[in-house]
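Everything below concerns the one structure shown next.
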Amino acid sequence: MGANIYRNKKPLLFFLVPAFAFMVVFLHYPFVMNILNSFQNIGGLAAQGKGFLDPWYSNYTEMLHDKNLWTALKNTLILMASTVVFQVGIALVLAIMVDQITVGKKFFRVVYFFPIVISATALGLLFNLVFLRDKGMVNQFLELFGRTELIDWKDKSRALVTMLLPVMWQYVGFYFVIIVTGLNNISDDLYEVASIDGATRWQRIRYITLPLLHNVLCTCVVLAVTGALKAFDLPWIMFPKGMPLNSTWLTSTYMYYHAVESRNTDYGCAIAVLIVILGIVSAKIVNAVFKEKDY
Numbered sequence: 024m025g026a027n028i029y030r031n032k033k034p035l036l037f038f039l040v041p042a043f044a045f046m047v048v049f050l051h052y053p054f055v056m057n058i059l060n061s062f063q064n065i066g067g068l069a070a071q072g073k074g075f076l077d078p079w080y081s082n083y084t085e086m087l088h089d090k091n092l093w094t095a096l097k098n099t100l101i102l103m104a105s106t107v108v109f110q111v112g113i114a115l116v117l118a119i120m121v122d123q124i125t126v127g128k129k130f131f132r133v134v135y136f137f138p139i140v141i142s143a144t145a146l147g148l149l150f151n152l153v154f155l156r157d158k159g160m161v162n163q164f165l166e167l168f169g170r171t172e173l174i175d176w177k178d179k180s181r182a183l184v185t186m187l188l189p190v191m192w193q194y195v196g197f198y199f200v201i202i203v204t205g206l207n208n209i210s211d212d213l214y215e216v217a218s219i220d221g222a223t224r225w226q227r228i229r230y231i232t233l234p235l236l237h238n239v240l241c242t243c244v245v246l247a248v249t250g251a252l253k254a255f256d257l258p259w260i261m262f263p264k265g266m267p268l269n270s271t272w273l274t275s276t277y278m279y280y281h282a283v284e285s286r287n288t289d290y291g292c293a294i295a296v297l298i299v300i301l302g303i304v305s306a307k308i309v310n311a312v313f314k315e316k317d318y
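Under the numbering used here, think of the first position of the sequence shown as 24, with each following residue one higher.
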């Protein structure tokens with residue numbers, strides 16, 4: 024009787040069909056329409072298309088000559104590299120350090136994860152105050168050490184770093200939790216045997232922790248790289264419209280600007296297609312470089 028229950032697959036359709044329909048309506052159909060819209064003349068968000076462009080691939084050729092888009096691509100690539108090195112890297116160091124202590128583990132887990140809970144919009148407004156030129160927290164802190172000249176943290180030479188720092192800080196806790204979960208799945212017996220054999224703490228980390236975290240780190244790197252393409256709210260709040268002097272554009276903020284602000288929706292759709300292509304290509308590259316291993 025029990026075996027027949029598992030052989031009958033028909034009840035699965037009750038759950039699969041609604042989920043599949045939801046995906047088609049809210050994901051696949053809009054994505055296909057977005058591709059079609061990138062070839063049409065659309066003057067504003069939700070506006071009716073005025074026919075296909077002449078030539079129909081005009082938006083994609085315009086991308087090749089759009090200096091702001093190239094700036095956005097460069098900044099997005101920098102953000103990708105930064106997320107891997109700093110977000111995942113710092114999260115790995117913090118997770119290993121917290122795993123080594125016996126008292127206060129729950130406290131540190133809550134503290135490091137807390138930035139994820141806060142709205143990115145609220146964080147953007149908060150860091151606008153932190154990096155404020157006149158009486159901002161950073162400049163006030165520097166004044167305590169005798170610096171008299173105020174620093175404009177949002178000028179062209181510092182704007183990109185000022186934008187990247189809050190983004191890095193916000194998501195360290197996310198990868199921290201993932202890596203801590205991976206550490207909890209490593210058996211303590213392995214560490215005990217290594218200690219008996221005379222392995223130092225660094226050797227246990229080098230030859231036990233890091234190899235067994237390989238697949239977890241691969242997942243974190245893929246999430247970090249693809250997440251960099253979706254970073255929008257915090258950068259837009261801090262540096263709207265690519266300020267200053269179009270130096271802080273990201274592919275996501277530049278797409279939003281054309282789709283909503285400048286009412287050049289068809290060009291925004293073309294940038295959205297480019298973002299999807301970049302996401303697929305970058306994920307494939309990361310998966311090829313950081314191949315998962317079977318243990």
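No residue lacks a Cβ here, since even glycine has one placed at the ideal position from N, Cα and C.
> Would you say D256 and A143 are within 9 Å of each other, going by their C-beta atoms?
Replying inline: Along the sequence shown, one-based indexing puts residue 256 at 233. Along the sequence shown, one-based indexing puts residue 143 at 120. Cβ distance < 9 Å, so D256 and A143 count as in contact.
> The alpha helix (DSSP H) with Q226 in it runs from where to where?
Replying inline: Taking the first residue of the sequence shown as position 1, residue 226 is located at position 203. Taken as a continuous stretch (DSSP letters only), the alpha helix (DSSP H) holding Q226 covers R224 to R227.
> Looking at the unbroken alpha helix (DSSP H) that takes in M3, where does it start and where does it end?
Replying inline: Because the chain spans 24 through 318 in this model, residue 3 falls outside it and cannot be assessed.
>> Rounded to the nearest angstrom, what separates F43 and H51 at their Cα positions?
In response: What you label residue 43 is simply residue 20 of the sequence shown in a count that begins at 1. What you label residue 51 is simply residue 28 of the sequence shown in a count that begins at 1. The C-alpha of H51 is placed about 10 Å away from the C-alpha of F43.
> Is M103 near V296, with beta carbons less than 9 Å apart?
Replying inline: To locate residue 103, count along the sequence shown from 1; it is residue 80. To locate residue 296, count along the sequence shown from 1; it is residue 273. If you check the CB distance, M103 and V296 do not come in under 9 Å.
> Would F154 pass as a contact of T185 if the rule is Cβ separation under 9 Å?
Replying inline: Looking up residue 154 in the sequence shown gives position 131. Looking up residue 185 in the sequence shown gives position 162. Against a cut-off of 9 Å, the Cβ pair of T185 and F154 comes out as a contact.
>> So for F130, helix, strand or coil by DSSP?
In response: As a first step, residue 130 must be located in the sequence shown, where it is residue number 107. Reduced to three states, the DSSP call for F130 is helix.
>> Restricting to Cα atoms, I'd like to know which of V107, L236, I231 and M191 is closest to L213.
In response: For this step, residue 213 is matched to residue 190 along the sequence shown. Among V107, L236, I231 and M191, the Cα nearest to that of L213 is on I231.
>> Here's a check: name, in chain order, each residue in its chain whose Cβ is nearer than 7 Å to the Cβ of G72, leaving out the five neighbours to either side.
In response: By one-based count along the sequence shown, residue 72 stands at place 49. Once the five neighbours on either side are set aside, the close Cβ partners of G72 are N60, Q63, N64 and I65.
> Alpha carbon to alpha carbon, what distance is there between I260 and S275?
Replying inline: The residue you call residue 275 lines up with position 252 of the sequence shown. The residue you call residue 260 lines up with position 237 of the sequence shown. Note on geometry: alpha-carbon atoms of S275 and I260 lie some 13 Å from one another.
> Which residue's Cα is closest to the Cα of T242: L183, V216 and F313?
Replying inline: Position 219 of the sequence shown, counted from the first residue, corresponds to residue 242. Minimum Cα distance to T242 is reached at F313.
>> By the three-class DSSP mapping on this structure, what secondary structure does Q63 have?
In response: On the sequence shown, residue 63 is found 40 positions in, with the first residue counted as 1. Strand at Q63.
> For H281, does the count of other Cβ atoms within 10 angstroms reach 16, so buried, or fall short, so exposed?
Replying inline: Sequence index remark: in the sequence shown, residue 281 carries index 258 (1-based). Of the residues assessed, H281 falls on the buried side of the cut-off, its CB having 16 or more other CB atoms within 10 angstroms.
> Alpha carbon to alpha carbon, how far is V203 from V121?
Replying inline: Indexing the sequence shown from 1 puts residue 203 at position 180. Indexing the sequence shown from 1 puts residue 121 at position 98. Taking the straight line joining both Cα atoms gives about 8 Å.
> Mind checking V304: buried by the 16 CB within 10 Å criterion, or exposed?
Replying inline: Here the question's residue 304 lines up with position 281 in the sequence shown. It is exposed - the Cβ of V304 has fewer than 16 other Cβ atoms within 10 Å.
> So the alpha helix (DSSP H) W192 belongs to, where does it begin and stop?
Replying inline: In the sequence shown, the residue the question calls residue 192 occupies position 169. W192 -> alpha helix (DSSP H) spans A182 to N207.
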